[in-house]
Amino acid sequence: MERMSGGCCKGSHYHEAVVTRVDRRGDVANLYLDISLETVPGQFVMVWLPGLEEVPMAPSDDDPLRITVKAVGKTTRRLVGMEPGDRLYIRGPYGRGFTRRSGRPLLVGGGVGAAPLILLAKKLAEMGVEGVYVEGQPSGDVELFIREALDLGWEAILYTEDGSRGYKGLPTQYLEENLGGFTSIYACGPEPMNRAVLRLCGDRIPCEVSMERIVKCGVGVCGSCVVEGTGLLVCLDGPVFRADELLERGYPGG
Amino acid sequence: MARDLSTRLGSLSLRNPLVLASGFIGSDESLLRRAWEAGFGAVTTKSLTPKPRKGYDPPIVVDLGYGYLNAVGLANPGIEYLPRLLSLLPQEAVVILSIAGATPQDFRHCAEVGVENNVDAIELNLSCPHVKGLGMDIVEDVGYSLDIIEEVVSLGRPVYVKLGLTDTYMELVARSLDRGVEGFTVMNTVKGLAIDIESGWPILTNVYGGLSGPAIHPIALRMVHEIYGEYRVPIIGTGGVTGWREAVAMLYAGASAVGIGSYLFNRRVESIGDILKGIQQHMERKGFKDIASMVGYSHHR
């Protein structure tokens, strides 16, 4: 298996990756690739489909590399529809990932935002850390990584908005009710979920949140991925931010 | 003892010679404020056009290792966004408004909005290499460029013309000085191509893009040297300044200020502090008392 090596300043060539397995759940797909990647959970790669676009993706596994895609535009629709043998082109990793801390962590993922968190759980488990993985999805048919988290020996809890599986509601409910039982919080999800996490955690507990924006250049110059009002760039300063740095710079949620 | 880094760029007083080049984090108010707070002597906005432009789909940038190729497609929020773009900057911030367009009327309109919003200078982006009708095809036509220049100079603000690598740039320099421009931004990116050999595709969605970074530094340095040698005019030397050494070389070649662009690829904007520190230490080591005594230094050797 080809190993991609990191480092973005020596020129970044694309690595050709072949899809080996596709695991589709509703409008979401896990694409297993034939390369591996050294990455910090939360960092992202740029995935390019020539003739379409290049999109940022935080891997949900590193060895072999796996990306988790939700169909929202033409490029992601094509990715979700991929079959084994299809090719895509990858550069990276980029950005700042999660800080791994020992203690008892709570990981809160919403939608495909769960992707970098399951990789984080895997890395934390390798350090001997045991935590709780909470995943929120619109419905039970797009449950993504509960099984994998359980296999790590972690507690794993599913919330669905329609109540079709797991608890009915949003994953932040778990955070609200159990915040006191943890030493650190990691979150990645849609904007309202991230805001709720920041509001609940504030500066009371070490908390890191991965933010999503439209990343175009991926190297901190085009400004497309600015977190409005804060002067922070998702691709260069993030995508993972400490709660306190977001709140200090005026991100709403505090 | 720390040296004074303040300098004059034509009619502008700068706290130091570093200028945020157009196109880099200059289309959002919180980013522009962050750039100013990081310590730039002046900040240049992203080139604004009469109407907002979405720009090209990614890939828009290629990291070549020895430089960068970009085709962003003049993505910008439009000139009407200017008041908001400037809203978080302190009063003392020195702002250069970069404008682009297709006709002299486009440029005049954008420049008028700039004057209303009290920008310190106006930079004419006549040389964007990757948008048809809004760039290189203008600067290659000296007569048409002069029409644009005349429209904007008549508004009474300092005007800087951003030059591209053309066969006629010395002619354009001479004739635009006659029309009253204050100085030049030297240089824009150079049109190029990158191909991905795995897929066989040109990497940029737009196929062609503008080359910047270390690869073009010697070319930019030569153009600055040539223009300063002939005319002794204010120049913002831009092109592959990726450290304090290149910044010093730009000053020596004749630039009064130094544009910083590709240095910011993969770097937080706060890291320009390293360039400022490097310039300062060089001044101490070489005994320069101010920036002015470094400008054009190589012409006296």
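Same order as they appear, the protein sequences are chains U and X. Our numbering puts the first residue of the first sequence at 27, with every later residue one more than the last. Our numbering puts the first residue of the second sequence at 72, with every later residue one more than the last. Every residue, glycine too, gets a C-beta built ideally from N, C-alpha and C.
Report the three-state DSSP secondary structure of residue i (helix, strand or coil).
i       : result
M108(U) : coil
V143(X) : coil
Q69(U)  : strand
V223(X) : helix
Y49(U)  : A quick correction: the sequence has Asp, not Tyr, at residue 49(U). DSSP places D49(U) in strand when its eight states are reduced to three.
W74(U)  : strand
H39(U)  : coil
R293(X) : helix
T239(X) : coil
P285(X) : helix
P142(U) : helix
K100(U) : helix
E108(X) : helix
R268(U) : strand
D267(X) : coil
Y277(U) : coil
V213(X) : helix
L205(X) : coil
S98(X)  : coil
V252(X) : coil
S236(U) : strand
G32(U)  : At G32(U) the pLDDT is 45, less than 50, meaning the model places this residue with poor confidence; the figure from the coordinates comes in the next sentence. G32(U) falls in the coil class under three-state DSSP.
G349(X) : helix
D218(X) : helix
L150(U) : helix
Measure the beta-carbon distance from residue i to residue j and round it to whole angstroms, keeping in mind my assumption that it falls under 8 Å.
i       : j       : result
K233(X) : L292(X) : No, K233(X) and L292(X) are not in contact; Cβ-Cβ is about 16 Å, not under 8 Å.
I131(X) : C243(U) : 6 Å
P110(U) : L59(U)  : Contact flag wrong, Cβ pair sits at about 10 Å.
Y120(U) : W74(U)  : The pair is not a contact, with the Cβ atoms about 13 Å apart (cut-off 8 Å).
V186(X) : R228(X) : 6 Å
I93(U)  : M108(U) : Going by Cβ atoms, the distance from I93(U) to M108(U) rounds to 10 Å, so no, they are not a contact pair.
T186(U) : M219(U) : Rounded, the Cβ-Cβ distance is 14 Å, inconsistent with contact.
G332(X) : A92(X)  : 4 Å
Distance check for residue j and residue i, CA to CA, integer angstroms please.
i       : j       : result
V266(U) : C251(U) : 13 Å
G264(U) : G118(U) : 14 Å
N259(X) : T309(X) : 8 Å
H353(X) : T116(X) : 29 Å
R126(U) : I298(X) : 54 Å
K348(X) : N188(X) : 33 Å
G192(U) : G276(U) : 35 Å
A326(X) : R316(X) : 14 Å
D88(U)  : V278(X) : 31 Å
I231(X) : K100(U) : The sequence shown places Tyr at residue 231(X), not Ile. Between Y231(X) and K100(U), the C-alpha separation is close to 41 Å.
A269(U) : A113(X) : 31 Å
C34(U)  : P76(U)  : Bear in mind that the predicted position of C34(U) carries a pLDDT of just 37, short of 50, making it unreliable; the figure below should be weighed with that in mind. Looking at the two C-alpha atoms, the distance is approximately 21 Å.
G157(U) : T78(X)  : 57 Å
V166(X) : Q163(U) : 46 Å
E217(U) : L76(X)  : 43 Å
G228(U) : A286(X) : 46 Å
V244(X) : G214(X) : 12 Å
E355(X) : A320(X) : 16 Å
S225(X) : Y302(X) : 22 Å
Y212(U) : R372(X) : 60 Å
E176(U) : G123(U) : The residue asked about is misnamed: residue 176(U) is Leu in this sequence, not Glu. Cα to Cα, L176(U) sits roughly 23 Å from G123(U).
S86(U)  : L205(U) : 25 Å
E269(X) : A43(U)  : 10 Å
D238(X) : E211(X) : 8 Å
A55(U)  : L150(U) : 24 Å
G280(U) : S82(X)  : Because G280(U) carries a pLDDT of 47, less than 50, the predicted location of this residue cannot be relied on, and no value is offered for it.
I307(X) : L80(X)  : 8 Å
L57(U)  : V160(U) : 22 Å
K96(U)  : S190(U) : 20 Å
P289(X) : V295(X) : 10 Å
S84(X)  : R339(X) : 25 Å
Report task. Could I get the ranges of all uninterrupted beta strand (DSSP E) runs contained in the region 163 to 228 of chain U, with 3 residues as the minimum, in chain order? Result -> 181 to 186, 210 to 214
Report task. Determine which residues of the region 250 to 266 of chain U have a Cβ less than 9 Å from any Cβ of chain X, and write them out in chain order. Result -> S250, V252, V253, E254, G255, T256, G257, L258, L259, L262, D263
Query raised in the report: For the region 91 to 114 of chain X, which residues have a beta carbon sitting closer than 9 Å to at least one beta carbon of chain U?
Result: G94, F95, I96, G97, S98, D99, E100, S101, L102, L103, R104, R105, A106, E108
Requested in this report: Go through the region 127 to 199 of chain X residue by residue and report every complete run of the alpha helix (DSSP H) that reaches 4 residues or more, in order.
Outcome: 153 to 156, 175 to 187
Query - Interface residues of the region 322 to 341 of chain X facing chain U [CB-CB below 9 Å] - result: Taken in chain order, the members of the region 322 to 341 of chain X whose beta-carbon sits within less than 9 Å of a beta-carbon on chain U are G332, S333, L335, F336, N337, R338, R339, V340.
Query raised in the report: When you check each C-beta in the region 126 to 141 of chain X against every C-beta of chain U, which residues fall closer than 7 Å?
Result: D128, P129, P130, I131, V132, D134, L135, G136
Requested in this report: For the region 86 to 104 of chain U, enumerate the residues whose C-beta is nearer than 9 Å to any C-beta of chain X, in chain order.
Outcome: T101
Report task. Note down, in chain order, all residues in the region 267 to 292 of chain X with a beta-carbon under 9 Å from any beta-carbon belonging to chain U. Result -> So the close ones are D267, I268, E269, S270, G271, W272, P273, I274, T276.
Report task. Quick one: which residues of the region 37 to 49 of chain U get their C-beta closer than 7 Å to a C-beta of chain X? List them in chain order. Result -> G37, S38, Y40, E42
Query raised in the report: Between the region 56 to 71 of chain U and chain X, which residues of the former have CB atoms less than 9 Å from a CB of the latter, in chain order?
Result: none
Query raised in the report: In chain order, what residues of the region 230 to 252 of chain X put their CB closer than 9 Å to some CB of chain U?
Result: none
Query raised in the report: the region 141 to 161 of chain X: which residues have C-beta closer than 9 Å to a C-beta of chain U, in chain order?
Result: N141, V143, A146, L159
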